[in-house]
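Number of protein chains: 2
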Amino acid sequence: MTSIFKHLSDVHLDAINAYLNAAITHHYTDARVTLEAAIRHSLLAPGKRVRPLLCIASQNLFSPGEVLKIMPVAAALEMIHTYSLIHDDLPAMDNDDFRRGLPTCHKAFDEATAILAGDALNTLAFQHMAQELPAHFPADLCLQSINYLAKAAGEPGMVGGQILDIYGSSSQDNIHALETLHLCKTGALIRASIVLPSILNKAGIRSIAKCEYFGDTIGLLFQVIDDILDVSSDKATLGKTPNKDIEQNKLTYVSLLGLEGAKQKAQSLHDEALDLLASFEADTDVLADFVSYLFKRKA
Amino acid sequence: MTSIFKHLSDVHLDAINAYLNAAITHHYTDARVTLEAAIRHSLLAPGKRVRPLLCIASQNLFSPGEVLKIMPVAAALEMIHTYSLIHDDLPAMDNDDFRRGLPTCHKAFDEATAILAGDALNTLAFQHMAQELPAHFPADLCLQSINYLAKAAGEPGMVGGQILDIYGSSSQDNIHALETLHLCKTGALIRASIVLPSILNKAGIRSIAKCEYFGDTIGLLFQVIDDILDVSSDKATLGKTPNKDIEQNKLTYVSLLGLEGAKQKAQSLHDEALDLLASFEADTDVLADFVSYLFKRKA
């Protein structure tokens, strides 16, 4: 990460983790301690907390300094993201053994516990927002936020994107299919991270729409760079096996546009994202820094 | 079902199914049609819709005739119930091939699709309530309802009960463990079916508490009868293999109290439920009829 966004992370990471920890801590004396342990294992594993940090950065655009108010949303975003990782890693899905440097949930516990831990986190995200947000924001806006996050997480968003990823596309497909896939699978939750503070702070219809477009833009920028790194980086730098997309005949920006075309696409998304930020009447340095980080990352 | 509750079912079943159908219908032209088909397969399979009907019966206590207003809650309850069936049936959980007379979701589709269909329904329940309820009820009460349903569905309720069922008890355990298990696993959602209309119609703290206690009572009554039928019925009547609980060394009312003790427990829960209903200042005939149905059922 570059310096200003890293500073945001340094300032807030411990608070986010402490908040998440508090949100999942019960005092069971029966078998539910296992479920809680599985949830804790996955939710508190070392993650970058990109979505909560984006949410805090967006909150600072609309209500500078009022970070605590948006923490229920930041936490809900991480809960949804984590549940999707737990279920994605299951044998019937990606069948992964490691995640965030630790054994995946079904490896550390078992499949049934992992399925239930994911289910519990999905539900907890909405329970937590419904319980904690009304102290800070008008009730109608809290409901709008729950609706927005649920659409982003569910069939119209992330879950729909996972189906598209499994069954929906091949390297012969077109740019529309590619962008639909990514705007759903990873983009919807990244977009929600930026948009939810704008809804809750009554930013106005034009600002909310701008946040949506900016969120989509950085979601796609993340993905183009991912596709470029897959063909141009090595395993030591990348931390995972390169050329995986080509081997799996996946639809990527590189398969569609070629490496040079993909690089041009990344540059234009980067420029567009910065232009959008420049038109906000607020201090957007942190988000601009995040855009640069996405653009320049090597892994 | 006995006659008055069956009448409620006859009147509302088609409307519930049509409402559920509308709530899950999109117009995708890509692989998401498969996800929608899997959701439709499970959600619209022939079910008794007990939770939506209980919710409608409860709504009629507080706002007689205003059934349409509560349909988003009735639908959300069935979505949560169905997602839990889909995930429960997975190979890593109960590994069932048939449900509601049809192949289970992972048999009709595949495991990955079934996991995602369950996830989508879990999320959709809250999205639907957040989107549809505010037209009919005050926003703060809508938030309270989402919070209440999410607690009933999540770790403190249904999902916690599933963990207790898998890992938490043996036939040597005590009545406290048994009742905690059932009040979580099936009771929490049945209780929510009764309680949510009381919250949304501002029934008052005493009425809401009475609904909670009544909901718990019928949830346990359902379970005692289930345990009694397991040892006293035959396969033809029961529609499933009897004596399964004993073979699996499960903690049941019969294993704890003996058959006669369990029958006395059922009688006392039945009487208590009817006494509670008699103290409502409303027409409780439908719910009283449902209590009799639970008590007298043979399968």
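Protein chains in written order, with the working numbering: chain A, 1 to 299; chain B, 1001 to 1299. We put the CB at the ideal spot given by N, CA and C, even for glycine.
Which of the three DSSP states, helix, strand or coil, is assigned to leucine 1251 of chain B?
-> DSSP places leucine 1251 of chain B in coil when its eight states are reduced to three.
According to DSSP, residues forming a beta bridge with valine 1102 of chain B = Looking at the sequence itself, residue 1102 of chain B is leucine, so the reference to valine does not match. Note: leucine 1102 of chain B sits in a beta bridge opposite B/Arg1099.
9 Å Cβ cut-off: residues of chain B touching glutamate 111 of chain A | Using a Cβ-Cβ cut-off of 9 Å, glutamate 111 of chain A is close to Leu1090, Pro1091, Ala1092, Met1093 of chain B, given in chain order.
Answer yes or no: does any C-beta atom of chain A fall closer than 8 Å to that of lysine 1151 of chain B?
-> For lysine 1151 of chain B, the answer is yes, since a Cβ of chain A falls inside 8 Å of its Cβ.
Figure out for me which residue from B/Phe1062, B/Arg1051, B/Phe1290, B/Leu1116 has the closest Cα to the Cα of glycine 161 of chain A.
-> Out of B/Phe1062, B/Arg1051, B/Phe1290, B/Leu1116, B/Leu1116 has the C-alpha closest to the C-alpha of glycine 161 of chain A.
With a cut-off of 8 Å, does the C-beta of valine 159 of chain A fall near any C-beta of chain B?
-> Chain B contact via Cβ: present.
With 8 Å as the threshold, decide whether the Cβ of asparagine 147 of chain A is near any Cβ in chain B.
-> Flagged as an interface residue toward chain B: asparagine 147 of chain A, by a C-beta distance shorter than 8 Å.
Residue span of the alpha helix (DSSP H) that contains histidine 1026 of chain B, given as start and end | Histidine 1026 of chain B -> no alpha helix (DSSP H), and no H or E assigned at all.
Under a Cβ-count criterion, where at least 16 other Cβ atoms within 10 Å of its own Cβ denotes burial, should asparagine 122 of chain A be classed as buried or exposed?
-> The residue in question, asparagine 122 of chain A, is buried, as its Cβ has 16 or more Cβ neighbours within 10 Å.
Run through DSSP, which three-state label would proline 1064 of chain B get?
-> Correct three-state label for proline 1064 of chain B: coil.
Going by the CB atoms, is the gap between histidine 270 of chain A and leucine 221 of chain A shorter than 8 Å?
-> Cβ atoms of leucine 221 of chain A and histidine 270 of chain A: closer than 8 Å.
Own chain partners of valine 195 of chain A with C-beta closer than 8 Å, once the 5 adjacent residues on each side are dropped | Excluding positions up to five away in sequence, the list reads Ser58, Tyr148, Ile208, Cys211, Glu212, Gly215.
For glutamine 1223 of chain B, count neighbouring Cβ atoms within 10 angstroms of its own Cβ and tell me buried if that reaches 16, exposed if not.
-> Counting C-beta atoms within 10 angstroms of its own C-beta, glutamine 1223 of chain B has 16 or more neighbours from the protein chains shown and is therefore classed as buried.
Which term fits phenylalanine 1301 of chain B, buried or exposed, when burial requires 16 or more other beta carbons within 10 angstroms of its beta carbon?
-> Only positions 1001 to 1299 of chain B appear in this structure, which leaves residue 1301 of chain B out of reach.
Closer than 8 Å at the beta carbon, the chain B residues around isoleucine 163 of chain A | Those within 8 Å of isoleucine 163 of chain A in chain B are Ala1031, Arg1032, Thr1034, Leu1035, Thr1113, Leu1116.
Roughly how many angstroms separate the alpha carbons of isoleucine 1246 of chain B and arginine 1049 of chain B, rounded to a whole number?
-> The alpha-carbon atoms of isoleucine 1246 of chain B and arginine 1049 of chain B are separated by roughly 29 Å.
If you measure from the beta carbon of aspartate 1119 of chain B to each beta carbon in chain A, is any gap under 8 Å?
-> At least one chain A Cβ lies under 8 Å of aspartate 1119 of chain B.
Contacting positions in the segment 176–192 of chain A - beta carbon closer than 9 Å to chain B = Of all residues in the segment 176–192 of chain A, Ala177, Thr180, Leu181, Cys184 have a Cβ within less than 9 Å of some Cβ in chain B.
Starting from the Cα of tyrosine 19 of chain A, find the closest Cα among A/Ile86, A/Tyr253, A/Leu43, A/Leu189 and give me that residue.
-> Comparing alpha-carbon positions, the option among A/Ile86, A/Tyr253, A/Leu43, A/Leu189 lying closest to tyrosine 19 of chain A turns out to be A/Leu43.
Within its chain, find whatever has a CB closer than 6 Å to the CB of valine 73 of chain A; leave out the 5 residues flanking it on each side and keep chain order.
-> Annotation for valine 73 of chain A: Cys55, Leu196 place their beta carbon closer than 6 Å to its own, counting only its chain and skipping 5 residues before and after.
Mind listing, in chain order, the continuous alpha helix (DSSP H) runs of no fewer than 4 residues lying wholly within the segment 1148–1220 of chain B?
-> Contiguous alpha helix (DSSP H) elements confined to the segment 1148–1220 of chain B occur at 1158–1163, 1175–1182, 1188–1200, taking only those with 4 or more residues.
Let me know if threonine 1082 of chain B comes out buried or exposed under the rule of 16 or more other beta-carbons within 10 Å of its beta-carbon.
-> Counting Cβ neighbours within 10 Å, threonine 1082 of chain B comes out buried, since at least 16 surround it.
Starting from proline 1134 of chain B, find everything on chain A with Cβ-Cβ shorter than 7 Å and list it in chain order.
-> Contact of proline 1134 of chain B with chain A by beta-carbon distance below 7 Å involves Asp140, Leu143.
Go to threonine 123 of chain A, then tell me how far its alpha helix (DSSP H) extends in each direction, as first and last residue.
-> Unbroken alpha helix (DSSP H) run through threonine 123 of chain A: 111–132.
Check methionine 1071 of chain B in the structure and name its three-state DSSP category.
-> Three-state result, methionine 1071 of chain B: helix.
Local Cβ density within 10 Å of lysine 185 of chain A, reported as buried at 16 or more and exposed below that = Lysine 185 of chain A comes out buried.
Cβ-based neighbour list, alanine 1120 of chain B, same chain, cut-off 7 Å, excluding 5 preceding and 5 following | The answer, listed in chain order, is Leu1035, Ile1039.
Using a threshold of 8 Å, state whether the C-beta atoms of histidine 1046 of chain B and glycine 1101 of chain B are closer than that.
-> In the sequence under discussion, the amino acid at residue 1046 of chain B is proline, which differs from the histidine named in the question. Yes, they are a contact pair.
Measure the C-alpha to C-alpha separation of aspartate 30 of chain A and leucine 1181 of chain B and round it to an integer number of angstroms.
-> Each residue's Cα considered, the two are about 10 Å apart.
Answer yes or no: do isoleucine 1199 of chain B and glycine 1219 of chain B have a C-beta to C-beta separation smaller than 8 Å?
-> No. Outside cutoff.
Return helix, strand or coil for glycine 1047 of chain B, following the three-state DSSP convention.
-> Coil.
Do you know how far the Cα of aspartate 96 of chain A is from the Cα of leucine 1008 of chain B?
-> Here the alpha carbon of leucine 1008 of chain B sits roughly 48 Å from the alpha carbon of aspartate 96 of chain A.
Exposed or buried, which one is lysine 250 of chain A when buried takes at least 16 other CB atoms within 10 Å?
-> Buried, because 16 or more other Cβ atoms sit within 10 Å of the Cβ of lysine 250 of chain A.
Using a Cβ cut-off of 8 Å, pull out every chain A residue sitting near leucine 1124 of chain B, in sequence order please.
-> Those within 8 Å of leucine 1124 of chain B in chain A are Ala150, Gly154, Glu155.
Drop a sphere of 10 angstroms on the beta-carbon of glutamate 1066 of chain B, count the other beta-carbons inside from all chains shown, and report buried for 16 or more, exposed for fewer.
-> Only exposed fits glutamate 1066 of chain B, as fewer than 16 other CB atoms lie within 10 angstroms of its CB.
Give a yes or no on whether the minimum CB-CB distance between alanine 1266 of chain B and chain A is below 8 Å.
-> Alanine 1266 of chain B does not count as touching chain A.
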